[in-house]
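To start, the structure under review is shown below, and the notes come after it.
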Amino acid sequence: MIKLDLLSKFENKLADHFDKESVTGSITVSNLAEKLNVSASYLSDMLRATTGQNMQQHIHNILIYKAKDILANTNLSASEIAFSLGFEFPQFFNKLFKNKTSRSPLEYRQSFN
């Protein structure tokens with residue numbers, strides 16, 4: 001029960017971070033753990049035990065989910081989307097998106113037309 005409560009709080013913190021108009025800075029295990037008053041290793045272990053994903057995989061999946069929504073519903077460029085999601089360099093966003101979806105952001109957007 002405690003793990004589920006912590007996971008719920010964790011998901012809320014992630015949602016708060018990514019629901020801002022413009023994400024500032026990257027989110028880390030350490031700063032999330034600090035906000036939840038647990039150690040980074042405990043948070044990572046709990047997430048892996050509960051979801052089967054490590055922290056980075058989980059955050060990447062959320063980023064891709066958000067990016068897909070933005071690509072489908074706006075005309076923002078891939079660079080604008082990358083910056084809005086907290087990426088310092090758009091090419092890192094493009095590479096992550098392609099690795100996770102097997103399509104570039106532009107190819108993904110074109111699939112809606």
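Residue numbering for the sequence shown follows full-length UniProt numbering, starting at 1 and increasing by one per position.
Cβ coordinates follow ideal geometry from the N, Cα and C atoms, glycine included.
Just so we're clear, the structure is a prediction, and the values are computed from it rather than from any experiment.
Near Met1, which residues of its chain fall below 8 Å by C-beta distance, leaving aside the five closest residues on each side in sequence?
Low confidence applies here, because Met1 scores a pLDDT of 48, under 50, leaving its location unreliable; read the following figure in that light. Leaving aside the five residues that flank Met1 on each side, none in its chain has a CB nearer than 8 Å to its CB.
Taking only runs of the alpha helix (DSSP H) that begin and end inside the region 63-112, which ones reach a length of at least 4 residues, in chain order?
Taking only runs of at least 4 residues, the alpha helix (DSSP H) segments lying wholly in the region 63-112 are 78-84, 90-101 and 105-110.
Alpha carbon of Ile62 to alpha carbon of Asn37, nearest angstrom:
Straight-line Cα distance between these residues: approximately 22 Å.
Residues in its own chain within less than 7 Å of Tyr108 by CB, not counting five upstream and five downstream?
Within the same chain, Tyr108 has close Cβ partners Lys68, Leu71 and Thr101.
Label Leu85 either buried or exposed according to how many other C-beta atoms from any shown protein chain fall within 10 Å of its C-beta, with 16 as the threshold for buried.
Classification of Leu85: buried, given that the 10 Å Cβ count is 16 or more.
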